[in-house]
Amino acid sequence: MRKFRSVALVAAVSLLGSACGSSEAPEAGQPKMTWEEFRATVVEDPEGKLIFDGDMALDSEEELHAFFASSIGADTGTARGGLAVYNTSSSKAPSGDIKWSATQARSLTYCVSSTFGTNKTAVVNAMNAATAAWKATGANINFTHVTSLDSNCTASQTGVLFDVRPVNSGGQYLARAFFPNSGRSGRNVLVDNSAFGNISPWTLAGIMRHELGHVLGFRHEHTRSTSSGCYEDSNWRALTTTYDRSSVMHYPQCAGTQTGDLVLTSLDQQGVRALYP
Ligand SMILES: [Zn+2]
Numbered sequence: 004m005r006k007f008r009s010v011a012l013v014a015a016v017s018l019l020g021s022a023c024g025s026s027e028a029p030e031a032g033q034p035k036m037t038w039e040e041f042r043a044t045v046v047e048d049p050e051g052k053l054i055f056d057g058d059m060a061l062d063s064e065e066e067l068h069a070f071f072a073s074s075i076g077a078d079t080g081t082a083r084g085g086l087a088v089y090n091t092s093s094s095k096a097p098s099g100d101i102k103w104s105a106t107q108a109r110s111l112t113y114c115v116s117s118t119f120g121t122n123k124t125a126v127v128n129a130m131n132a133a134t135a136a137w138k139a140t141g142a143n144i145n146f147t148h149v150t151s152l153d154s155n156c157t158a159s160q161t162g163v164l165f166d167v168r169p170v171n172s173g174g175q176y177l178a179r180a181f182f183p184n185s186g187r188s189g190r191n192v193l194v195d196n197s198a199f200g201n202i203s204p205w206t207l208a209g210i211m212r213h214e215l216g217h218v219l220g221f222r223h224e225h226t227r228s229t230s231s232g233c234y235e236d237s238n239w240r241a242l243t244t245t246y247d248r249s250s251v252m253h254y255p256q257c258a259g260t261q262t263g264d265l266v267l268t269s270l271d272q273q274g275v276r277a278l279y280p
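Per the working numbering, residue 4 is the first one in the sequence shown, and the count goes up by one each step.
Written as structure tokens, this is what we have:
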């Protein structure tokens, strides 16, 4: 989740009103972004990861090249379904979904680093609220906080699936996450210091609900919409039939309609149940 998107949320919505537009622009015909244009949007965070699309991380320049070649430099999306799972296959068959196995989905373990210090309780509470929200959808998923590993909660801690750690991103983002195809060292949810300040109307739990959506394999909801002004690429498969401007995965200022905290909509709930039945 990009920092500026929350800090300047109200202003951004009005400022982006004409740029993003509320009218329905044609989905086809979006000019392809060049590698140079895409690379210019990518920043390196303190972990050495390359951050793109606001809060997504890749390990290397090679991976970034591969991502660009397979998605952004490829076709643009035309469909309009809701809640999009990451899918890199050309046919967009469900077998190409980037998701956890049924067994792994029931054992999504994590630690919360003790190095959060006085902020740790806030992170633990936010993760509890966010994991409960995804669990309450009825999807066949289960997150478990392995508290015994909090004191050694690093990117190389193999006792958990992923780690939740503090970061000083230098204002690049509030938090960032990963997709299910990341290797262990990349499976981190990093929370910036700024996320503990005033991020109204969002809460830390709301930010975590969004980030855990990525952890489950979901792309930004606005990724397929050129009219959102925030088109990303075509590497996704829709899980529901309705485009959802209020989705927890939709940046509000990308012509979104969620004006409060980031919460799971009924379509988000329907989508995650479809992916993890
Ligand atoms: Zn995101």
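All C-beta atoms, glycine included, are put in the ideal place defined by N, C-alpha and C.
- Across the set E47, E214 and H68, the C-alpha of E214 shows the shortest separation from the C-alpha of F181.
- In the same chain as A108, and ignoring 5 residues on each side of it, the C-beta atoms closer than 7 angstroms to its own belong to N143, I144 and Y279, in chain order.
- The C-beta distance from N201 to T91 rounds to 38 angstroms, too long to meet the 8 angstroms contact threshold.
- A distance below 8 angstroms between beta-carbons, with the five flanking residues on each side excluded, links V149 to the following residues of its chain, in chain order: T112, Y113, C114, G162 and V163.
- The way I'd put it, the segment 88-106 doesn't touch the segment 250-261; fewer than three beta-carbon pairs between them come closer than 8 angstroms.
- Judged by DSSP in its simplified three-state form, A43 adopts helix.
- The residues L177, A178, L207 and I210, in chain order, have a CB closer than 7 angstroms to that of A198 in the same chain once the five nearest residues on each side in sequence are set aside.
- Taking 7 angstroms as the cut-off, the C-beta of G57 counts as close to a heavy atom of ligand 1.
- The C-alpha of G232 lies about 13 angstroms from the C-alpha of R248.
- Ranked by Cα distance from S116, the options G263, A69, D264 and L152 are led by L152.
- Counted as a single uninterrupted DSSP element, the beta strand (DSSP E) harbouring A60 occupies residues M59 to L61.
- Take F119, set aside five residues on each side of it, and the residues of its chain with a beta-carbon closer than 6 angstroms to its own are V126 and P169, in chain order.
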